[in-house]
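The letter at position 102 of the sequence shown is residue 237 when you use this note's numbering, and the numbering goes up by one with no holes.
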Amino acid sequence: MFLAGIITGILISLGLVFLLAPKLMFSVSESKYDFATTKALIEKATPENKWSMPHQYDLQATMKKHGFDVKAVTVYSICKPDIAVKILGADDNRHISAMMPCRIAIYEKADGKTYIARMNAGLLAKLLGNEVNAVMGDAETGSEKILEQVIKK
Numbered sequence: 136m137f138l139a140g141i142i143t144g145i146l147i148s149l150g151l152v153f154l155l156a157p158k159l160m161f162s163v164s165e166s167k168y169d170f171a172t173t174k175a176l177i178e179k180a181t182p183e184n185k186w187s188m189p190h191q192y193d194l195q196a197t198m199k200k201h202g203f204d205v206k207a208v209t210v211y212s213i214c215k216p217d218i219a220v221k222i223l224g225a226d227d228n229r230h231i232s233a234m235m236p237c238r239i240a241i242y243e244k245a246d247g248k249t250y251i252a253r254m255n256a257g258l259l260a261k262l263l264g265n266e267v268n269a270v271m272g273d274a275e276t277g278s279e280k281i282l283e284q285v286i287k288k
């Protein structure tokens, strides 16, 4: 009976992780503005907050080149070098570079509204340890500051 209880508990826990983890891994917020205005405000706020935007991806245009028609989607890669160097400068943490730079996706849905999606860096940081936790926490705080003027509360 005891063993059955432990196994049942483990199975329920694993089931919850598989159901909830995908929703917890990303933060999605509705924008107060249309797609073009949301893009313009984020592009303006990024350097104002001393972040850089090394890459911008127009996924709608990319898909169109391959014969597919999708609603507007733009993904920004944003970076703050004084935060990034804390990960990239340490051999033990350099594998975290697979999640760098920070990404922000802006997209439209069929409801006509614009949404902003990004990785839940705070949650991931908690899973990765103390030093990485602090660095990713700083990155999350900074990127959320860039988004605060467009996110609908």
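Ideal Cβ positions, reconstructed from N, Cα and C, are used throughout, including at glycine.
When only Cα atoms are considered, Gln-195 and Leu-262 end up about 33 Å apart. The stretch 184 to 201 makes contact with the stretch 271 to 284, as at least three CB pairs between them are under 8 Å. DSSP places Val-220 in the helix class (H, G or I) of the three-state scheme. Membership of Met-198 in the alpha helix (DSSP H) is indicated by the continuous run 194 to 200.
Residues Thr-181, Tyr-211, Ile-213 of the same chain have their beta carbon placed closer than 6 Å to that of Met-188, with the five preceding and five following residues left out of the count.
Pairwise C-beta distances place the stretch 199 to 207 out of contact with the stretch 228 to 237, as fewer than three of them are shorter than 8 Å. In this structure Val-220 is exposed. Its beta-carbon is surrounded by fewer than 16 other beta-carbon atoms within 10 angstroms. For Asp-226 and Ala-269, the gap between their C-alpha atoms comes out near 17 Å.
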